[in-house]
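Chains as they are written, first to last, in this note's numbering: chain A, 240 to 355; chain B, 45 to 153. Every residue gets a Cβ at the ideal spot worked out from N, C-alpha and C, and that includes glycine. In this text, all values refer to a predicted model and were calculated from it rather than measured experimentally. Comments concern the structure below.
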Amino acid sequence: KAGVTQTPRYLIKTRGQQVTLSCSPISGHRSVSWYQQTPGQGLQFLFEYFSETQRNKGNFPGRFSGRQFSNSRSEMNVSTLELGDSALYLCASSLTPSQASLYGYTFGSGTRLTVV
Amino acid sequence: EDQVTQSPEALRLQEGESSSLNCSYTVSGLRGLFWYRQDPGKGPEFLFTLYSAGEEKEKERLKATLTKKESFLHITAPKPEDSATYLCAASLNDYKLSFGAGTTVTVRA
Chain A
240 KAGVTQTPRY LIKTRGQQVT LSCSPISGHR SVSWYQQTPG QGLQFLFEYF
290 SETQRNKGNF PGRFSGRQFS NSRSEMNVST LELGDSALYL CASSLTPSQA
340 SLYGYTFGSG TRLTVV
Chain B
45 EDQVTQSPEA LRLQEGESSS LNCSYTVSGL RGLFWYRQDP GKGPEFLFTL
95 YSAGEEKEKE RLKATLTKKE SFLHITAPKP EDSATYLCAA SLNDYKLSFG
145 AGTTVTVRA
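Here is the structure:
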């Protein structure tokens, strides 16, 4: 079965611009989480959505936002990009949040965002 | 504050040379301890979940164990294809994952 699909794979943006990243979870998975991965900070939790509702949010500024659609697909948006936003953005899905504690999350390959 | 610490940062092994990776955690409300493998340019791949102290799980050359304060990932007789970054993560009461910085393992033939 198809895995977690993230688009685009690579993105180059200019400081001050905004960007939207997309994530299609595994069919049937209703929980989607987003993580930022950088060499200095490692993997950091951004937010989690379940059935179109944001359940959790990490310690990121309000420039980072997300949403989930009725088909469980999710998008995250970063406005007013800064150089420090350059990172690999990873999306992970699971059937439900509690199922994830049993079977783990399935991650996509990520979107590599470079801000210049 | 919830904290997950992995050591060492990097590990260089000869093929067949067994070793262990450490993940120590200080968290409140631990639901489970996860191990993931990440290859360059890819997302983390799920390996194991451990729930209670004393639990052990195995998969091929990998064996994960859990105590009340730390987890170990043992690599027995590694092969070059075991080269990757190994991440541990604590699943907290609100189900989000708190990741360690990872251990990059390089296995030379």
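| Asked | Found |
| --- | --- |
| Mind pulling the chain B residues with CB within less than 9 Å of A/Phe392? | Residue 392 of chain A lies beyond the stretch modelled for chain A, which goes from 240 to 355, so this question has no answer here. |
| Answer with yes or no whether the minimum CB distance from A/Ala339 to chain B is below 8 Å. | yes |
| For B/Ala121, which residues in the same chain have their Cβ closer than 7 Å to its Cβ, ignoring the five residues on either side in sequence? | Gly60, Ser62, Arg105 |
| Report the three-state DSSP secondary structure of A/Glu291 (helix, strand or coil). | coil |
| Once the 5 residues before and after B/Gln82 are set aside, which same chain residues still bring their CB inside 8 Å of it? | Pro88, Glu89, Ala128, Thr129, Tyr130, Leu131, Gly146 |
| Suppose only complete runs of 4+ residues qualify. What are the alpha helix (DSSP H) ranges in the region 263-345 of chain A, listed by chain order? | 336-342 |
| So which residues of chain A does B/Thr148 contact, with C-beta pairs closer than 8 Å? | Per Cβ cutoff of 8 Å: no residues; B/Thr148 is ~11 Å from chain A at best. |
| Give a yes or no on whether the minimum CB-CB distance between B/Leu131 and chain A is below 8 Å. | yes |
| In this structure, what does DSSP give as the bridge partners for B/Asn137? | None; B/Asn137 has no bridge partner. |
| Can you tell me whether DSSP reads B/Glu104 as helix, strand or coil? | coil |
| Determine the chain A residues that contact B/Gly87 at a beta-carbon separation under 7 Å, and present them in chain order. | Leu329, Phe346, Gly347, Ser348, Gly349 |
| Over what stretch of residues does the beta strand (DSSP E) that includes B/Ser115 continue unbroken? | 114-119 |
| A/Ser325 to A/Gly279, Cα distance in whole Å? | 11 Å |
| Tell me, please, whether the CB atom of B/Thr93 is closer than 8 Å to any CB atom in chain A? | yes |
| Compare the C-beta of B/Ser68 with all C-beta atoms of chain A and state if any pair is closer than 8 Å. | no |
| For B/Glu125, does the three-state DSSP call read helix, strand or coil? | helix |
| Any idea what DSSP makes of A/Arg248, helix, strand or coil? | coil |
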